[in-house]
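Colleague:
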Amino acid sequence: MIAAFALGQGAAHAETAFLTAEEAFVLTVNESAGSAEGVTLNWAIASGYYLYRDRIDVTSQPPGALVQFDRPEGEQKNDPNFGLMEVFQKAVTVQVHPGTARDLTVTWQGCAEAGLCYPPQTRKISLGDGAGNASALPAPISTVAASADASPRASLLQAAMGNDSAVQQLLTTRSLAWTLPIFFLLGIALAFTPCVLPMVPIVSSIVVGSQAGPRRSFALSLAFVLPMALTYAALGIVAALAGANLQALLQNRWTLFALGGVFVVLALGMFGFFELQLPAFLRNRLDRASCARQGGTLSGAAGMGALSAMLVGPCMTAPLAGALLYIAQSGNMVQGGLLLLFLGLGMGVPLLVVGTLGTRCLPRPGPWMNRIKGVFGFLLLGTALWMVQRVVAPFVALALWGALCLSVALTLFQMLRADGVADAGRTGPGLLVRSLALVVGLWGAAMVFGAAAGSADPWRPLAGIVSRSGSASQDKDTAPASDSSFQTVRSPQELQARLGEALAADQPVLVDFYADWCVSCKTIESEVFGNEKVQRALAGVMRLRADITEGNAAQQDLMRKHQIIGPPTVMLFDAQGRERRDARLVGEFTVKDLLQRHPEGSGI
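Using the numbering used here, the first residue of the sequence shown is number 378, and each one after it goes up by one.
(1) Are the CB atoms of GLY637 and ALA770 within a distance shorter than 7 Å?
(2) Among HIS939, LYS501, LYS969, which residue has its Cα nearest to the Cα of ARG958?
(3) Decide if THR477 is buried, meaning its Cβ has at least 16 other Cβ atoms within 10 Å, or exposed.
(4) State the DSSP-derived secondary structure class of LEU557, mapped to helix, strand or coil.
(5) If contacts are defined as beta-carbon pairs under 8 Å, then MET647 and GLY779 qualify, I think. What distance do you get, rounded to the angstrom?
(6) The alpha helix (DSSP H) that contains ASP951, what's its start and end?
(7) Do LEU728 and VAL602 have their beta-carbon atoms positioned less than 7 Å apart in this structure?
(8) Our contact map puts GLY725 next to MET605 with C-beta atoms below 8 Å; I'd like the distance itself, whole angstroms only.
(9) By how many angstroms is the C-alpha of GLY723 removed from the C-alpha of ALA566?
(10) Please classify VAL471: does DSSP put it in a helix, a strand, or coil?
(11) For a test of the three-state rule: what should DSSP assign to GLN884, helix, strand or coil?
(12) For the beta strand (DSSP E) that GLN498 lies in, which residues bound it at each end?
(13) List the whole-angstrom C-beta distance separating ALA992 from ALA786, where the pair is believed to meet the contact cut-off of C-beta under 8 Å.
(14) Hey, quick one: how far does the beta strand (DSSP E) through GLN940 stretch, first residue to last?
(15) Under 8 Å, with one C-beta from each stretch per pair, do the stretch 871-886 and the stretch 896-910 reach the 3-pair mark?
(16) Assign ALA640 to buried or exposed, taking buried as 16 or more other Cβ atoms, counted over all protein chains shown, within 10 Å of its Cβ.
(17) Can you grab the Cα-Cα spacing for the pair GLY754 / VAL825, in whole Å?
(18) Can you check which of these residues, VAL963, ARG811, LEU781, is closest to ARG794 by C-alpha distance?
(19) May I have the straight-line CA-CA distance separating GLU400 from ASP951, to the nearest angstrom?
(20) Use the C-beta contact count for ARG748: other C-beta atoms within 10 angstroms, 16 or more gives buried, fewer gives exposed.
(21) So if DSSP puts TYR427 in a beta bridge, which residue, or which two residues, is it bridged to?
(22) For TYR429 versus VAL464, is the C-beta spacing smaller than 7 Å?
(23) Which term fits TRP485, buried or exposed, when burial requires 16 or more other beta carbons within 10 angstroms of its beta carbon?
(24) So GLU909 is in the alpha helix (DSSP H); what residue range does that whole segment cover?
(25) Please classify GLN498: is it buried, with 16 or more other beta-carbons within 10 angstroms of its beta-carbon, or exposed?
(26) Using CA atoms only, rank isn't needed, just tell me which of SER437, ILE433, VAL444 is closest to GLU450.
(27) Under three-state DSSP, which class holds ASP434?
(28) Report yes if the C-beta distance between LEU887 and VAL918 is below 7 Å; otherwise report no.
(29) Mapping the DSSP letters down to three states, classify ALA830 as helix, strand or coil.
(30) Can you tell which of GLY818, LEU962, ILE614 has its C-alpha closest to the C-alpha of CYS782?
(31) Among ALA611, VAL765, THR405, which has the Cα closest to the Cα of ALA995?
(32) Do ASP889 and ARG937 have their C-beta atoms within less than 7 Å of each other?
(33) How would you write the range of the alpha helix (DSSP H) that ARG920 sits in, first residue to last?
(34) Under 8 Å by Cβ, that's how I've got GLN466 and TYR427 pegged, so tell me the actual separation to the nearest angstrom.
(35) Give me the DSSP bridge partner(s) of GLN453.
(36) Taking ALA635 as the reference, which of ALA916, VAL765, LEU612, GLY425 has the closest Cα?
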């Protein structure tokens, strides 16, 4: 009896340890008289909780009016759900300039340090009535409040930021002081692609001419580079302005699959299957306009710079796509403009060198240029896989990563063979390339074999195989295994129907509340529900997975009905259909925690 009482107290503590979203993040709204200064949003954040900077969003209702808002800089935090993110703790104030908008929708999302991630929260605000306090506004829409529908903005793009894959991941895990040099170096790399480098000596001869001295040549080259870079900066600002709409689209798995397919097509372009360029009639017009520009003058050089950005831009669609997607998801106009400005400046470095020192300092065109395109091609394939890995089975994602690594390794070996340096691969740079290909190939093979055995972690690809080997019998009960015995429900009606079936069959039920953007849910799926002891303990138990990834009205209603704060949460029902409230698990838990509430071989 004492043990049962202690167990019940521990379970109750696990459930009540977390605040509701309204208690954890208290929003108050102040509207200045006459709206001259706009609207001030103030969040009071409870101790042990934090709010994501990039998840604070303000839009007009109905859409159409331009709403501007200023988010302060946050603290850098390595978040288990979304990777390195900027967060706010204790409090944050956001100033909103609604313009002509009369109604606003405010969306935000935060997490608890103890491992619980709340679904996105939404509040609708009506302006113009001078309402200066939160009580005069509609009640916040949340997972437990019985109010209106929510319109979450959970971005699967950001949800996957904990995985380092392609260009976006590298950029997202760095501050602006890092990303500016990265974009500059990326611009230099793009300048050595086949669609850009051959233009450098031609354009430089038009801009610089044969009579200019070194100083004049440098000035003219700089006059060419700056407008070209500013053109890309404008593109970055446009991408940032489109960021909010893009984030909304990236909640949908079919949108992610479509974008992943686009990146695959762009990667094929980088591999030389086809060429991306402007239609012929547009190229001809731009060529005639460039020829009409007078060379040797600053104005002529500036015009040529702007025109060249338009000429080579479509050719660079593939490598630019990843950078623009990263800028769009940040939603920061200043940052977007600066990053693409530095990209353009990096592209202009070879031109500045050529304009000042002449074409003799440039490397000669050759096969190495196509290898640079190949690097971008593999980065784009990695980006495509990174986008869809959150909406496919974990073992499928692992197998695809393994196939990508094997492709990289085979390409490196083929490169050595094509250069006729197979024997030279035992010394010098050839040895380095051969060693890299071997390591990447072995890692890829391990991921493919691990996926076939049910593994899901790319850093431990053979965990599933090791758990089945005789030498690993001691670890057999703690290694993850594949488990696909869960039935998915997404509404109160679906859950009630499954509970009715279990009641008719005199069967206990386990309900796991889950979301794709919840990394703790992924860990529990692999390490807890995939554990062999847990699977034996749950034999004869109906296992349901309540998927709340989309956060639509039905899923919000499901959470409200059962008073679910957020994922991960596990409910246990006995064979009579009654929930064992004392056994509810909230937040990340272990095999031991679950088995304490449902010992092996016992009924719920």
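Ideal Cβ positions, reconstructed from N, Cα and C, are used throughout, including at glycine. Note that the structure is predicted; figures quoted are calculated from it, not measured.
Modeller: In short, the structure shows the following:
(1) no
(2) HIS939
(3) exposed
(4) helix
(5) Between GLY779 and MET647 the Cβ distance is about 21 Å, and since that is not below 8 Å, they are no contact.
(6) No alpha helix (DSSP H) contains ASP951, which DSSP labels as neither H nor E.
(7) yes
(8) 6 Å
(9) 8 Å
(10) strand
(11) coil
(12) 498-503
(13) Outside the shown range of the chain (378 to 981) lies residue 992, about which nothing can therefore be said.
(14) GLN940 -> no beta strand (DSSP E), and no H or E assigned at all.
(15) no
(16) A small correction: the amino acid at residue 640 is Phe; Ala does not occupy that position in the sequence shown. Flag for PHE640 reads buried.
(17) 21 Å
(18) ARG811
(19) 31 Å
(20) exposed
(21) CYS488
(22) yes
(23) buried
(24) 909-914
(25) buried
(26) ILE433
(27) strand
(28) yes
(29) coil
(30) GLY818
(31) The chain is shown only over 378 to 981; residue 995 falls outside these bounds and no answer can be derived.
(32) no
(33) Run containing ARG920: none in the alpha helix (DSSP H); it sits in the beta strand (DSSP E), 919-924.
(34) 5 Å
(35) GLU463
(36) VAL765
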